[in-house]
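Remarks on the structure that follows.
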Amino acid sequence: MPELPEVDALVGFLRTRAVGERVERADLAELSLLKTYDPPLTALVGRTVDDVSRVGKALILTLGDLELVCRLARAGWLAWHDRVPATAVRMGRGPLGLRVSFTSGAGFDLREAGTTKNASVALVHDRHEVPAVAQAGPDAGSIDAETFAAALGGTRARIKNALVDQRLLAGIGNAYSDEILHVARLSPFAPAHGVDPDHVLEAMRGVLGTAREALEGLPPAQIKAAKKRGLRVHGRAGEPCPVCGTTIAEVSYADTSLQYCPTCQTGGRRLSDRRMDRLLR
Ligand SMILES: [Zn+2]
Numbered sequence: 001m002p003e004l005p006e007v008d009a010l011v012g013f014l015r016t017r018a019v020g021e022r023v024e025r026a027d028l029a030e031l032s033l034l035k036t037y038d039p040p041l042t043a044l045v046g047r048t049v050d051d052v053s054r055v056g057k058a059l060i061l062t063l064g065d066l067e068l069v070c071r072l073a074r075a076g077w078l079a080w081h082d083r084v085p086a087t088a089v090r091m092g093r094g095p096l097g098l099r100v101s102f103t104s105g106a107g108f109d110l111r112e113a114g115t116t117k118n119a120s121v122a123l124v125h126d127r128h129e130v131p132a133v134a135q136a137g138p139d140a141g142s143i144d145a146e147t148f149a150a151a152l153g154g155t156r157a158r159i160k161n162a163l164v165d166q167r168l169l170a171g172i173g174n175a176y177s178d179e180i181l182h183v184a185r186l187s188p189f190a191p192a193h194g195v196d197p198d199h200v201l202e203a204m205r206g207v208l209g210t211a212r213e214a215l216e217g218l219p220p221a222q223i224k225a226a227k228k229r230g231l232r233v234h235g236r237a238g239e240p241c242p243v244c245g246t247t248i249a250e251v252s253y254a255d256t257s258l259q260y261c262p263t264c265q266t267g268g269r270r271l272s273d274r275r276m277d278r279l280l281r
């Protein structure tokens, strides 16, 4: 799932490549991807990309008085074409969701792997018409210490859940929350209001800063692999912790999982498997 550093890298890439490009076609290949119908996608034709920006994990292209708000969700991705393939876009076949072609011959696809379609695109006059944008909390990349402390102090959630709650803090998902908690040496199950917010903020700034630096300037096709290389615990169950050598453990849920180091984060205790809990209940 693209999180703040990946979406920042996409924004940076598209600012250099897509800004100034004029739309020739916008073809929808997956009906459920587009969440709005007025204005229609054809309203993009003839418009020029004026700016590319981000709110939380949402990628936003501004074309005159219209904004194309793209939420990539867990399996969504953007693919850039220096030359858009000549083959026609077909409905409902494979990962292609939307193709935008520019008059220069370049363009991009929004794709989503798998059968569960959670990515979304909205074409609106104002980004705040998209609920996820309107409700986004302060940005994880620029939040100040006081606001961060208030966010963590004002929730009953566990720290892992608080960090990924986009209304509390925008930009962090499953991967970087695991990384932040590993750096901060905190259990993912610790209550958010009980942790030292300055300590977590320092870890978050470090993790996001390192990731942004590693991904900056990369083309979209290289960003995901570069992200994976930089992760120390997330997605690395069974591998040794790079800090202490303990085998990285995992908590599995029905449709997701988190990874942590028992020595660095939970005083040697293994957290129970939530998926098993549910089955045993
Ligand atoms: Zn460790």
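According to UniProt numbering, the sequence shown is numbered sequentially starting from 1.
Glycine included, C-beta positions come from ideal geometry on N, C-alpha and C.
Can you tell me the Cα-Cα spacing of D65 and D165, whole angstroms? Each residue's alpha carbon lies about 30 angstroms from the other.
Beta-carbon proximity check, Y253 vs A211, cutoff 9 angstroms: At least 9 angstroms separates the beta-carbon of Y253 from that of A211.
Buried or exposed by the 16-neighbour rule on C-beta atoms within 10 Å, applied to C244: With fewer than 16 other CB atoms across the displayed protein chains lying within 10 angstroms of its CB, C244 is exposed.
Could you tell me the boundaries of the alpha helix (DSSP H) in which T210 lies? Per DSSP, T210 belongs to the alpha helix (DSSP H) from 197 to 215.
Per DSSP, which one or two residues make a beta bridge with T147? DSSP output for T147 lists no bridge partner at all.
L10 and L123 - do their beta-carbons sit closer together than 9 angstroms? In this structure, the beta-carbon distance from L123 to L10 does not fall below 9 angstroms.
When every heavy atom of ligand 1 is checked, does at least one fall within less than 8 angstroms of the C-beta of V243? Result yes, Cβ under 8 angstroms from ligand 1.
Exposed or buried, D8, counting other C-beta atoms within 10 Å across all chains shown (16 or more means buried)? Label assigned to D8: buried.
Taking the alpha-carbon positions, what's the K227 to Q265 distance? One C-alpha to the other measures close to 22 angstroms.
Quick check: what's the CA-CA separation for L231 versus Y37? About 39 angstroms.
In or out: H199 buried (at least 16 other Cβ within 10 Å) or exposed? That one is exposed.
I'd like to know whether the C-beta atoms of E192 and I159 end up nearer to each other than 9 angstroms. Glu is not the amino acid found at residue 192; the sequence shown has Ala there. Yes. Within cutoff.
Option nearest V251 by Cα separation, candidates E239, S272, R93, C261: The shortest Cα separation from V251 among E239, S272, R93, C261 belongs to S272.
May I ask whether a heavy atom of ligand 1 can be found less than 8 angstroms away from the beta carbon of C70? Within 8 angstroms of the C-beta of C70 there is not a single heavy atom belonging to ligand 1.
Q135 Cβ short of 8 angstroms to ligand 1 heavy atom set: False, no ligand heavy atom lies under 8 angstroms from that Cβ.
Relative to ligand 3, is the shortest distance from any of its heavy atoms to the C-beta of Q222 smaller than 8 angstroms? In the structure on display, ligand 3 does not appear, and the ligands it does have are ligand 1.
Identity of the residues DSSP links to S120 by a beta bridge: S120 is bridged to R71.
Tell me the rounded alpha-carbon separation between T42 and G217. Distance between T42 and G217, taken at the CA atoms: about 31 angstroms.
Spell out a yes or no on whether the segment 136 to 155 and the segment 94 to 105 are touching, meaning 3 or more CB-CB pairs, one atom from each, closer than 8 angstroms. Contact between the segment 136 to 155 and the segment 94 to 105 is absent: fewer than three C-beta pairs spanning the two stretches fall below 8 angstroms.
By DSSP's criteria, L63 is part of a beta bridge. Which residues make up the other side? Note: L63 sits in a beta bridge opposite L66.
Where does E213 land, buried or exposed, given buried means 16+ other C-beta within 10 angstroms? Counting of Cβ neighbours within 10 angstroms places E213 among the exposed residues, the total staying below 16.
Buried or exposed (CB count within 10 angstroms, at least 16 for buried), L31: Burial state of L31 is exposed, judged by a 10 Å Cβ sphere holding fewer than 16 other Cβ atoms.
How many angstroms separate the CA atom of G12 from the CA atom of D27? Approximately 24 angstroms, taken between the alpha carbons.
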